[in-house]
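Asks:
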Amino acid sequence: SGGTSAGTPAAPARELVAVAPLMLRYRPLPTLLPLGLDISDFCDVLLDDRCPQAADALAAGLRRLARTALVELREVRPGAAAERVVERWRGPVRRRADSVCLELPGVPMDDLLRRLSGASARNARRKLRRIDELGITHRAVAEHEVPGAVATMLALHGQQWQGRGVTPEHLRPRFAEHLARATRQLARTGDAALTEYRLGDLVLVSEVTLFSRHLAGGYLYGAHPEARAKVDIATMLLRQDAARATATGRRVLSLLRGDEPYKRHWRPETVVNQRLLLARRHLAPALWLRAGHLAGRAALADLARTRLPILLAWRARLRGRRAGGPPR
Numbered sequence: 002s003g004g005t006s007a008g009t010p011a012a013p014a015r016e017l018v019a020v021a022p023l024m025l026r027y028r029p030l031p032t033l034l035p036l037g038l039d040i041s042d043f044c045d046v047l048l049d050d051r052c053p054q055a056a057d058a059l060a061a062g063l064r065r066l067a068r069t070a071l072v073e074l075r076e077v078r079p080g081a082a083a084e085r086v087v088e089r090w091r092g093p094v095r096r097r098a099d100s101v102c103l104e105l106p107g108v109p110m111d112d113l114l115r116r117l118s119g120a121s122a123r124n125a126r127r128k129l130r131r132i133d134e135l136g137i138t139h140r141a142v143a144e145h146e147v148p149g150a151v152a153t154m155l156a157l158h159g160q161q162w163q164g165r166g167v168t169p170e171h172l173r174p175r176f177a178e179h180l181a182r183a184t185r186q187l188a189r190t191g192d193a194a195l196t197e198y199r200l201g202d203l204v205l206v207s208e209v210t211l212f213s214r215h216l217a218g219g220y221l222y223g224a225h226p227e228a229r230a231k232v233d234i235a236t237m238l239l240r241q242d243a244a245r246a247t248a249t250g251r252r253v254l255s256l257l258r259g260d261e262p263y264k265r266h267w268r269p270e271t272v273v274n275q276r277l278l279l280a281r282r283h284l285a286p287a288l289w290l291r292a293g294h295l296a297g298r299a300a301l302a303d304l305a306r307t308r309l310p311i312l313l314a315w316r317a318r319l320r321g322r323r324a325g326g327p328p329r
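The number in the numbering used here is simply the position in the sequence shown, starting from 1, with 1 added.
1. Label Q241 either buried or exposed according to how many other C-beta atoms from any shown protein chain fall within 10 Å of its C-beta, with 16 as the threshold for buried.
2. Can you pull the DSSP bridge partners for L23?
3. Can you tell me which of P269, R276, L279 puts its alpha carbon nearest to the alpha carbon of D112?
4. When the Cα of L288 is compared with those of G92, A56, C52, which residue comes out closest?
5. Assuming E170 contacts I40 under a Cβ cut-off of 8 Å, what Cβ separation, rounded to an integer in Å, is found between them?
6. What residue range is occupied by the uninterrupted alpha helix (DSSP H) comprising G343?
7. Closer than 6 Å by C-beta to Q160: which residues in its own chain qualify, once you throw out the five before and the five after it? Chain order, please.
8. Straight-line CA distance for A165 to L257?
9. Does DSSP put A235 in a helix, a strand or coil?
10. Between the beta-carbon of C102 and the beta-carbon of V272, is there less than 7 Å?
11. When the distance is taken between beta carbons, is A125 closer than 7 Å to T236?
12. Does DSSP put F176 in a helix, in a strand, or in coil?
13. Helix, strand or coil for A11? Go by DSSP, reduced to three states.
14. Beta carbon of A56, beta carbon of R89: below 7 Å?
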């Protein structure tokens with residue numbers, strides 16, 4: 002069969018077997034990056050597993066596009082299809098760490114509670130009983146209801162982040178249109194679910210959960226301002242996501258990007274996404290420059306994370322001595 006790579010035919014096209022949705026950014030260097038990178042927890046390419054030549058075709062297509070730009074495949078989860086394309090790349094390759102993702106096994110909530118200490122497990126069960134005692138119900142939104150339910154979810158999302166650092170794209174009409182269209186199509190094929198949690202007629206919380214072959218993960222949710230005062234939202238969502246992962250046979254329940262303390266509470270496994278940098282040989286110096294820049298930034302971030310608290314404490318003690326007060 003013919004192949005299509007990054008939108009460019011590798012041969013007279015008869016059948017689509019590979020796609021890499023990319024965009025071109027010019028800073029700091031001309032670079033091809035995954036489309037939708039800023040709002041996606043994982044990025045990948047698409048390969049038809051029935052076609053043995055798909056990865057080769059896509060690698061060849063990317064090489065044609067890379068005459069004047071680097072290729073930087075971001076947020077690639079270990080084991081992703083992009084790794085098969087990199088194996089076939091003819092040119093220099095550099096690998097760097099990208100975002101941290103935390104993962105739990107796709108097991109029922111009772112099994113997740115067994116991962117916790119005795120006190121933490123008892124506290125979580127108390128929160129779950131509180132949810133049930135309040136009479137909060139949940140329902141999967143039907144496909145034809147998805148557009149209206151997405152609008153409700155995004156309105157709640159905007160309210161919960163009001164006055165804080167919301168992702169600007171989440172509040173834009175184009176994102177609402179995209180999410181409603183995509184969620185409806187994915188719900189039709191079983192690759193997404195939109196769940197509403199209600200107290201009577203009031204939608205307290207709404208969440209979009211996405212599925213891959215082996216993974217389930219809560220992508221985005223919105224919560225009514227009153228919800229946090231009533232229940233522990235993270236525990237409520239986790240129970241339902243765990244039930245859905247178990248029911249559909251997904252082995253992994255991903256907490257997606259971010260290393261927040263509330264996620265660590267559940268003792269998840271740490272999985273680091275990859276940043277795969279590819280270039281043709283004549284652009285190798287640009288690739289080395291980009292890889293070195295990323296390594297330097299990572300080293301500075303690590304230094305700030307480990308040393309900055311010590312330096313701030315030392316400065317506070319020094320100021321206390323200068324002011325004639327006791328060291329703190």
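Backbone N, C-alpha and C fix where the C-beta goes; we use that ideal spot for every residue, glycine too.
Replies: Looking at the atomic coordinates:
1. Counting Cβ neighbours within 10 Å, Q241 comes out buried, since at least 16 surround it.
2. Assignment of beta-bridge partners to L23 by DSSP yields P35.
3. Among P269, R276, L279, the Cα nearest to that of D112 is on P269.
4. That would be G92, whose Cα lies nearest to the Cα of L288.
5. Between the beta-carbon of E170 and that of I40 there is about 5 Å, and that keeps the pair under the 8 Å contact cut.
6. Since the first residue shown for the chain is 2 and the last is 329, residue 343 is missing from the structure and cannot be characterised.
7. For Q160, where only same-chain residues beyond five positions count, the Cβ hits under 6 Å are P226.
8. The question names Ala, yet the displayed sequence has Arg at residue 165. Each residue's Cα considered, the two are about 21 Å apart.
9. In the three-state DSSP reduction, A235 falls in the helix class (H, G or I).
10. For C102 and V272, yes; Cβs fall inside 7 Å.
11. Yes, the Cβ-Cβ distance between T236 and A125 is below 7 Å.
12. Of the three classes helix, strand and coil, the one that applies to F176 here is helix, per DSSP.
13. Unreliable positioning characterises A11 in this predicted model, as indicated by a pLDDT of 47, which lies under 50. A coordinate reading is not provided.
14. Going by beta carbons, A56 and R89 fall inside the 7 Å limit.
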